[in-house]
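**Student:** Residue numbers (my numbering): 7 to 129. By construction, the Cβ of each residue, glycine as well, lies at the ideal position given by its N, Cα and C atoms. Take this structure first; my questions come after.
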């Protein structure tokens, strides 16, 4: 990703798998963005989604066995674009948020970068 693609953008990472969170964090950093989080619990994610200035978010659909849908609702209310990620396939995404851009784990870095550019860089 070009260093300017996410320049100045604050991206919330919601991911309970440490190594996956680090990988996403690296991609955001390399794109010139600033990472908010990563949040590893739903409560932490909700607090950051409500209180932090954000330009985008990447959200695991299942955080510690809990659906990320409440975080999506907060982000939508605030007009913050987001990308969902799942290791369980599209059927793991709640129907009410299934229209959101999404990624399947394991990630293909090129797909992640392209989707971040499309969803966040246009903001």
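Quick one: measure Cβ to Cβ for residue 106 and residue 88, integer angstroms, because I've assumed they're closer than 8 Å.
**Tutor:** 6 Å
**Student:** Tell me which residues share the same chain as residue 34 and place their Cβ nearer than 6 Å to its Cβ, disregarding the 5 neighbours each side in the sequence.
**Tutor:** 17 and 41
**Student:** Report yes if the C-beta distance between residue 21 and residue 44 is below 9 Å; otherwise report no.
**Tutor:** yes
**Student:** Using alpha carbons as the reference points, say which of 119, 72 and 68 lies closest to residue 95.
**Tutor:** 68
**Student:** For residue 81, which residues from the same chain have a beta carbon less than 7 Å from its beta carbon, with the 5 sequence-adjacent residues on both sides left out?
**Tutor:** 55, 63 and 88
**Student:** I'd like to confirm the pairing. Which residues does DSSP put opposite residue 88 in its beta bridges?
**Tutor:** Residue 88 is bridged by DSSP to 63.
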